[in-house]
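What the sequence shown shows, in our numbering, is residues 25 to 327, in sequence order.
By construction, the Cβ of each residue, glycine as well, lies at the ideal position given by its N, Cα and C atoms.
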Amino acid sequence: MIACPECTEDEDLYGVPLEDGRRQISCESCGHTWARGEATRSRPSPAGTLRHAPAADSCGPKWSDPPFGAIDALPLGSTETSAAAVAFRPDEHQPAWVRGDPVETNRVFSYIVVHDSGFSPNPFHGLLTLACCKPLIRRTAGVGDILVGLSSRSERVVYAVQVAKVIGFEEYWEDPRYLPRRPVRWSPRIIERAGDNIYEPVGRDFHQLPSFHSRPDGSEDAERKRVDLGGERVLVGERFTYWGKRGPDLPEELEFLAVGRGHRSHFTPDQISTAANWFSNLPGGVLGAPAQWKVGDPSWRQE
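The following block contains the structure:
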């Protein structure tokens, strides 16, 4: 593990070789890039302390805030009316797998879900997507890979998904199948405000919609936009299990998935097989509310 000298996040990375023998490391948390020789080794956390303390500014609104859009202007090229109509339709997606079906994978990623708000990952409308945050995972993961998101101390499983598609932001925005995943910022239902399809292509750039990653007034957050788009791709999963705040304990046989900060993806073939067998027997679907969810809002049930 390597601690970023800029934000102190730990990165489980090997970096890119440089001509002088060092390695270039890029922190996926803050985007800072440095040569391996400048990094500091991370220190073990004292017993009983969080290994990954949440950032001061959470990835989502404070629930005392009014719904997005109370004072916002419409986003560029807005199709808000049609987006809202589609977003409130019952999901029609039918999974093509059943519990116990074997799973083949060559790679597993594990990481801490720092902000479990239903935004990143977004497990709603029949799919689980990772479109924001974790840029290095999104640049690296491929179809068939399994992602396992863990709670702050790696003691619980928040979600697990097998990547079914890897698409660009343009396709994510333009494909009507993903229209329900655009945030409906004036909705009183949190599930509609948590949409992660927030980057609208505008010329050679992207416009960031008012969302959990924009500023409180709905304007663009340049730093979060840079990190999100730095991931270059959106991961789409059809076979997934999302527990949220009431996830099960990480099974003893999967303790190798435990991670501090950053992520882990270097596992032995036996460990990958163990994780795949565990994943194949999961029930599937959304089984609980996100940890950062407004009390009394049942929209996560998608009923």
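Bridge partner(s) assigned by DSSP for residue i
i: Asp229; result: Val226
i: Thr153; result: Asn146 and Val260
i: Val208; result: BP columns for Val208 are empty, so no partner.
i: Ile136; result: Leu174
i: Thr298; result: DSSP output for Thr298 lists no bridge partner at all.
i: His287; result: Tyr135
i: Arg180; result: Asp273
Residue environment, residue i, which counts as buried when at least 16 other CB atoms sit within 10 Å
i: Val167; result: exposed
i: His290; result: exposed
i: Pro212; result: exposed
i: Trp121; result: exposed
i: Val226; result: exposed
i: Arg270; result: exposed
i: Asp125; result: exposed
i: Asn198; result: Before going further, note that residue 198 is Glu rather than Asn in the sequence given. Result: exposed.
i: Thr73; result: Interpretation of Thr73 is limited by its pLDDT of 34, a score under 50 that renders its predicted location unreliable; the figure taken from the coordinates is listed afterwards. It is exposed - the Cβ of Thr73 has fewer than 16 other Cβ atoms within 10 Å.
i: Gln232; result: buried
i: Phe143; result: buried
i: Ser235; result: buried
i: Asp241; result: exposed
i: Arg217; result: buried
i: Gly309; result: exposed
Top-ranked residue by Cα proximity to residue i, from the options
i: Pro307; options: Ile222, Glu262 and Gly286; result: Glu262
i: Asp321; options: Ser141, Ala188, Ile214 and Trp121; result: Ile214
i: His237; options: Pro225, Gly227, Arg228 and Val251; result: Val251
i: Arg228; options: Ile170, Glu194 and Glu244; result: Glu194
i: Pro293; options: Arg270, Thr129 and Asp125; result: Thr129
i: Arg131; options: Gln295, Gly124, Arg325 and Arg209; result: Gln295
i: Pro318; options: Gly192, Ile170 and Asp140; result: The identity of residue 318 in the sequence shown is Lys, whereas the question assumes Pro. The option with the nearest alpha carbon to Lys318 is Asp140.
i: Gln326; options: Leu151, Val138, Tyr223 and Val137; result: Leu151
i: Gly286; options: Phe133, Val127 and Ala59; result: Phe133
i: Leu174; options: His149, Pro275 and Trp210; result: Pro275
i: Glu247; options: Val137, Thr298, Ala315 and Cys157; result: Cys157
i: Gly312; options: Asn305, Ala299 and Trp324; result: Trp324
i: Ile136; options: Ala282, Pro272 and Arg217; result: Ala282
i: Glu279; options: Ile49, Ser178, His149 and Glu256; result: Ser178
i: Leu160; options: Arg257, Ile191, Arg239 and Arg201; result: Arg257
i: Pro272; options: Arg239, Lys189, Val172 and Arg217; result: Val172
i: Val260; options: Arg205, Ala59, Val138 and Gln316; result: Arg205
i: Arg201; options: Arg123, Arg163 and Thr153; result: Thr153
i: Pro145; options: Asn221, Ala300 and Asn305; result: Asn221
First through last residue of the beta strand (DSSP E) which encompasses residue i
i: Val283; result: Note, Val283: premise wrong, no beta strand (DSSP E); not H, not E.
Range of the contiguous alpha helix (DSSP H) that encloses residue i
i: Lys249; result: Ala246 to Gly254
i: Phe193; result: Phe193 to Glu198
i: Asn305; result: Looking at the DSSP string, Asn305 is not in any alpha helix (DSSP H), and its letter there is neither H nor E.
i: Pro272; result: From DSSP, Pro272 is part of no alpha helix (DSSP H); its letter is neither H nor E.
i: Thr129; result: Taken as a continuous stretch (DSSP letters only), Thr129 belongs to no alpha helix (DSSP H), as it is neither H nor E.
i: Thr164; result: Pro159 to Thr164
i: Glu216; result: Ile214 to Arg217
_Tell me whether the segment 178-189 and the segment 255-272 touch, counting them as touching only if at least three CB pairs, one residue from each stretch, are closer than 8 Å._
As far as the Cβ criterion goes, the segment 178-189 touches the segment 255-272, which means the pair count is three or higher.
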